[in-house]
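Peer 1: This is the structure I want to talk about, given as structure tokens.
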Amino acid sequence: MKVYNTLSKRKEEFTPLEEGKVKMYVCGPTVYNLIHIGNARPMIVFDTVRRYLEHRGYQVDYVSNFTDVDDKIIAKAMEEGVDAEVISQRYMQECKKDMEAMNVKPATVHPLATQEIDGMIEMIQTLADKGFAYAAADGTVYFRVKKFPEYGKLSHKNLDDLQSGFRSLQVSGAGQKEDPLDFVLWKPKKEGEPSWPSPWCDGRPGWHIECSVMAKKYLGDEIDIHAGGEDLIFPHHENEIAQSECCNGKTFSRYWMHNAFLNIDNRKMSKSLGNFFTVREVGEEYDLQTLRFFMLSAHYRSPLNFSRDLMTAAKNGLERIRTAAEHLRRVKDQGVGGPLTQEEEKLLEQAGEFPGKFEEAMEDDFNTADAIAAVFELVKFSNTHAKEDSAKAFGEKLYETLEALTDILGLQLEVKEEMLDQEIEDLIAKRQAARKAKDFQKADQIRDELLKKGILLEDTREGVKWKRV
Ligand code: AMP
Ligand code: ZN
Numbered sequence: 000m001k002v003y004n005t006l007s008k009r010k011e012e013f014t015p016l017e018e019g020k021v022k023m024y025v026c027g028p029t030v031y032n033l034i035h036i037g038n039a040r041p042m043i044v045f046d047t048v049r050r051y052l053e054h055r056g057y058q059v060d061y062v063s064n065f066t067d068v069d070d071k072i073i074a075k076a077m078e079e080g081v082d083a084e085v086i087s088q089r090y091m092q093e094c095k096k097d098m099e100a101m102n103v104k105p106a107t108v109h110p111l112a113t114q115e116i117d118g119m120i121e122m123i124q125t126l127a128d129k130g131f132a133y134a135a136a137d138g139t140v141y142f143r144v145k146k147f148p149e150y151g152k153l154s155h156k157n158l159d160d161l162q163s164g165f166r167s168l169q170v171s172g173a174g175q176k177e178d179p180l181d182f183v184l185w186k187p188k189k190e191g192e193p194s195w196p197s198p199w200c201d202g203r204p205g206w207h208i209e210c211s212v213m214a215k216k217y218l219g220d221e222i223d224i225h226a227g228g229e230d231l232i233f234p235h236h237e238n239e240i241a242q243s244e245c246c247n248g249k250t251f252s253r254y255w256m257h258n259a260f261l262n263i264d265n266r267k268m269s270k271s272l273g274n275f276f277t278v279r280e281v282g283e284e285y286d287l288q289t290l291r292f293f294m295l296s297a298h299y300r301s302p303l304n305f306s307r308d309l310m311t312a313a314k315n316g317l318e319r320i321r322t323a324a325e326h327l328r329r330v331k332d333q334g335v336g337g338p339l340t341q342e343e344e345k346l347l348e349q350a351g352e353f354p355g356k357f358e359e360a361m362e363d364d365f366n367t368a369d370a371i372a373a374v375f376e377l378v379k380f381s382n383t384h385a386k387e388d389s390a391k392a393f394g395e396k397l398y399e400t401l402e403a404l405t406d407i408l409g410l411q412l413e414v415k416e417e418m419l420d421q422e423i424e425d426l427i428a429k430r431q432a433a434r435k436a437k438d439f440q441k442a443d444q445i446r447d448e449l450l451k452k453g454i455l456l457e458d459t460r461e462g463v464k465w466k467r468v
């Protein structure tokens, strides 16, 4: 399997540190607002990478953080006159809902920056002890970039160029730094901001240190894949490498993967241009599976343009796959019983080439565009060869193949029926009545039926509670 590595700027053969296991860290969003469709791109892309790795039999430890302390969160909290935690908790929950709607699997761990402050202080202390960090008079702690000769290896930037760039740009706080390149590890608190005690001053961590610490805690000093959007290459990921490698004395991540940006109508998405969409807004107009399909229709390293026309094309494409799936389900249920005909056996053998093509595309740096093309070939094949009078087993086999491939892409073949709250309440009342009548079989049946539709019941002292899962 080939993976493009930003470190070497080449596709490399993928070999994990430990056979059969992949340790993967994906930088998550800052939770100060509903996520926008640009944020959705890394979520969908790297969830698909994870799904493919799992399909290949790897056990994937997937860690993705929520940045829950940050200037933007604090500004929003002040605007609303609430604590920063209220804002971050609210948008984290909303983000999880969007992820679920896009069929992005929850990470193995979703750590929160504010819960990992001790680890951050510890790492900063180690860096200071080793001479890689120093505190300025006001308690700000900086990383001493020049002390790490490999700085710039990910972004392929040269220290001299960086230096001259910085010189022409008067950076705030530069007066306290030994060198303009040095970056913040810990900063003193300002009035009204969340803060934690530390050996240097009451304050809060810089953004970069949080990912180095969470990756170390949940995955170890060395990881296989570190990923995020391409805007993170510099300075965020470059700084993560500096912190982790200087602290741990080991290569931090073997492979660095970055998705290209999502633009809108060929322009950078921005609030001021008025071309900014949240996932929630797109979800009001389209099934979010359509958004997922749209994202995967391009290679993750190519810039992707979001437009109504392209979303319509994605909607039609997904519908074509779902219509074929529906047809196959019908053949599977209503086709002819008994064994396959010789002709059908031959056809199934032929259909075996589609998963092969799909995998070939995914093995080539996760080329989902070509993988989708293989799915369409299977769709065309099914539409041509699966008939009302085909064997049930023929429909079943083709359906299974289609389902297996679309599942790797995280695309659902069946449209999830949204149950209305009232329908749920009615079924719960029926279940209660069945229990009262000691008809436990019926009660269990209703509970299972609800679970199939994604509704989990909990019997509590205050009565039956339910939630969507
Ligand atoms: P942020 O909340 O800004 O830290 O972003 C969270 C993730 O979304 C990061 O991996 C970013 O690189 C990514 N991201 C932000 N905007 C876009 C965009 N327009 N297209 C693709 N990825 C983006
Ligand atoms: Zn990060």
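Residue numbers (numbering that gives the first Met the number 0): 0 to 468.
Quick reminder that beta carbons are idealized off the backbone N, C-alpha and C, glycines included.
1. Tell me, please, whether the segment 281–289 touches the segment 356–363 by the rule of three or more beta-carbon pairs shorter than 8 Å.
2. Could you compute how far the alpha carbon of residue 155 sits from the alpha carbon of residue 185?
3. Relative to the ligand ZN, what is the chain-ordered list of residues with a Cβ closer than 5 Å to any of its non-hydrogen atoms?
4. Going along the chain, which residues of its own chain have a beta-carbon closer than 6 Å to the beta-carbon of residue 237, five neighbours each way excluded?
5. Does the Cβ of residue 69 have 16 or more other Cβ atoms within 10 Å, making it buried, or fewer, making it exposed?
6. Short check: CB of residue 218 to CB of residue 62, under 9 Å?
7. Does the beta-carbon of residue 101, which I'm using as the reference point, lie nearer than 8 Å to any heavy atom of the ligand AMP?
8. Quick test of the definition: if touching needs 3 or more C-beta pairs under 8 Å, does the segment 237–248 touch the segment 258–271?
9. So what does DSSP say about residue 454, is it helix, strand or coil?
10. For residue 203, count neighbouring Cβ atoms within 10 angstroms of its own Cβ and tell me buried if that reaches 16, exposed if not.
11. The ligand AMP and residue 111: does the residue's C-beta get closer than 8 Å to at least one heavy atom of that ligand?
12. Can you tell me whether residue 33 sits near the ligand AMP, meaning its C-beta is under 8 Å from at least one heavy atom of the ligand?
13. At the level of alpha carbons, what is the spacing between residue 2 and residue 442?
14. Say whether the segment 446–459 touches the segment 426–438, bearing in mind that this needs 3 or more beta-carbon pairs closer than 8 Å, one atom from each stretch.
15. At which residues does the beta strand (DSSP E) containing residue 513 begin and terminate?
16. Name the DSSP beta bridge partners of residue 394, please?
17. If contact is defined by three or more beta carbon pairs under 8 Å, each pair taking one atom from either stretch, is the segment 199–214 in contact with the segment 105–120?
18. Enumerate in chain order the residues of its own chain whose CB-to-CB distance from residue 147 is below 8 Å, with the five nearest sequence positions on each side excluded.
19. Please state the DSSP three-state secondary structure of residue 268.
20. Since I believe residue 35 is in contact with residue 278 (beta carbons under 8 Å), could you give me their beta-carbon distance rounded to a whole number of angstroms?
21. Flag residue 229 as yes when its Cβ comes closer than 8 Å to any non-hydrogen atom of the ligand SAH, and as no otherwise.
22. Identify whether residue 204 lies in helix, strand or coil by the three-state DSSP scheme.
23. Assign residue 324 to one of three DSSP states: helix, strand, or coil.
24. For the candidate residues 325, 413, 454, whose alpha-carbon lies nearest to that of residue 421?
25. Starting from residue 85, follow the beta strand (DSSP E) in both directions and report where the run begins and ends.
26. Would you say residue 67 and residue 30 are within 9 Å of each other, going by their C-beta atoms?
27. Nearest-angstrom Cα distance between residue 472 and residue 192?
28. Cα separation between residue 80 and residue 87?
29. Can you check which of these residues, 394, 4, 99, is closest to residue 282 by C-alpha distance?
30. Do the segment 381–394 and the segment 327–336 meet, that is, are 3 or more Cβ pairs less than 8 Å apart?
31. Please name the residue in 233, 201, 250, 226 whose C-alpha comes closest to that of residue 220.
32. Cutting at 7 Å between CB atoms, please list the residues of its own chain near residue 125, excluding the five before and the five after it.
33. Suppose you measure from the CA of residue 275 to the CA of residue 50; what does that come to, to the nearest Å?
34. Do you know how far the Cα of residue 426 is from the Cα of residue 438?
35. Which whole-angstrom value describes the C-beta separation of residue 196 and residue 137, a residue pair presumed to lie in contact below a C-beta threshold of 8 Å?
36. Nearest-angstrom Cα distance between residue 140 and residue 128?
Peer 2: In short, the structure shows the following:
1. no
2. Walking along the sequence shown from the start, residue 155 turns up at place 156. Walking along the sequence shown from the start, residue 185 turns up at place 186. Whole-angstrom Cα-Cα distance: 26 Å.
3. 26, 210
4. The sequence position of residue 237 within the sequence shown is 238, counting from 1. Correct list, in chain order: 153, 154.
5. Residue 69 sits at position 70 when you count from the first residue of the sequence shown. With 16 or more Cβ atoms within 10 Å of its Cβ, residue 69 is classed as buried.
6. The residue you call residue 218 lines up with position 219 of the sequence shown. The residue you call residue 62 lines up with position 63 of the sequence shown. In this structure, residue 62 lies closer than 9 Å to residue 218 by Cβ.
7. Stepping through the sequence shown from its first residue, residue 101 is reached at position 102. Because no heavy atom of the ligand AMP lies under 8 Å away, the Cβ of residue 101 does not count as near it: no.
8. no
9. Residue mapping note: residue 454 aligns to position 455 of the sequence shown, counting from 1. Correct three-state label for residue 454: strand.
10. To locate residue 203, count along the sequence shown from 1; it is residue 204. The residue in question, residue 203, is buried, as its Cβ has 16 or more Cβ neighbours within 10 Å.
11. Locating residue 111 in the sequence shown gives position 112, counting from the first residue. Residue 111: no, Cβ never under 8 Å from the ligand AMP.
12. For the purposes of this step, residue 33 is taken as the residue at position 34 of the sequence shown. No, since every heavy atom of the ligand AMP falls outside the 8 Å radius drawn around the Cβ of residue 33.
13. Indexing the sequence shown from 1 puts residue 2 at position 3. Indexing the sequence shown from 1 puts residue 442 at position 443. When rounded, the distance between both Cα atoms is 50 Å.
14. yes
15. Outside the shown range of the chain (0 to 468) lies residue 513, about which nothing can therefore be said.
16. The residue you call residue 394 lines up with position 395 of the sequence shown. Answer is none; residue 394 lacks a bridge partner.
17. yes
18. Along the sequence shown, one-based indexing puts residue 147 at 148. Correct list, in chain order: 131, 241, 244, 245.
19. In the sequence shown, residue 268 corresponds to position 269, counting from 1. In this structure, residue 268 counts as coil in the three-state DSSP scheme.
20. For the purposes of this step, residue 278 is identified with residue 279 of the sequence shown, where counting begins at 1. For the purposes of this step, residue 35 is identified with residue 36 of the sequence shown, where counting begins at 1. Confirmed, about 7 Å.
21. In the structure shown, the ligand SAH is absent; the only ligands present are the ligand AMP and the ligand ZN.
22. Indexing the sequence shown from 1 puts residue 204 at position 205. Strand at residue 204.
23. Here residue 324 corresponds to residue number 325 of the sequence shown, with the count starting at 1. It is helical.
24. On the sequence shown, residue 421 is found 422 positions in, with the first residue counted as 1. Considering only alpha carbons, the answer is 454.
25. For the purposes of this step, residue 85 is taken as the residue at position 86 of the sequence shown. No beta strand (DSSP E) contains residue 85, which is instead part of the alpha helix (DSSP H) from 83–100.
26. Within the sequence shown, residue 67 is the residue found at index 68, counting from 1. Within the sequence shown, residue 30 is the residue found at index 31, counting from 1. Cβ atoms of residue 67 and residue 30: closer than 9 Å.
27. Because the chain spans 0 through 468 in this model, residue 472 falls outside it and cannot be assessed.
28. In the sequence shown, counting from the first residue as 1, residue 80 sits at position 81. In the sequence shown, counting from the first residue as 1, residue 87 sits at position 88. Spanning the two alpha carbons is a distance of roughly 14 Å.
29. Stepping through the sequence shown from its first residue, residue 282 is reached at position 283. For the residues 394, 4, 99, the minimum Cα distance to residue 282 belongs to 99.
30. yes
31. For this step, residue 220 is matched to residue 221 along the sequence shown. Considering only alpha carbons, the answer is 250.
32. Translated into positions along the sequence shown, residue 125 becomes position 126. Within the same chain, residue 125 has close Cβ partners 246.
33. Position 276 of the sequence shown, counting from 1, holds the residue named residue 275. Position 51 of the sequence shown, counting from 1, holds the residue named residue 50. Each residue's alpha carbon lies about 29 Å from the other.
34. Taking the sequence shown and counting its residues from 1, the one referred to as residue 438 is at position 439. Taking the sequence shown and counting its residues from 1, the one referred to as residue 426 is at position 427. Using only the alpha carbons, I get a separation of about 15 Å.
35. For the purposes of this step, residue 196 is taken as the residue at position 197 of the sequence shown. For the purposes of this step, residue 137 is taken as the residue at position 138 of the sequence shown. Actually they do not touch by this definition, with Cβ atoms about 16 Å apart.
36. Residue 140 sits at position 141 when you count from the first residue of the sequence shown. Residue 128 sits at position 129 when you count from the first residue of the sequence shown. Each residue's Cα considered, the two are about 13 Å apart.
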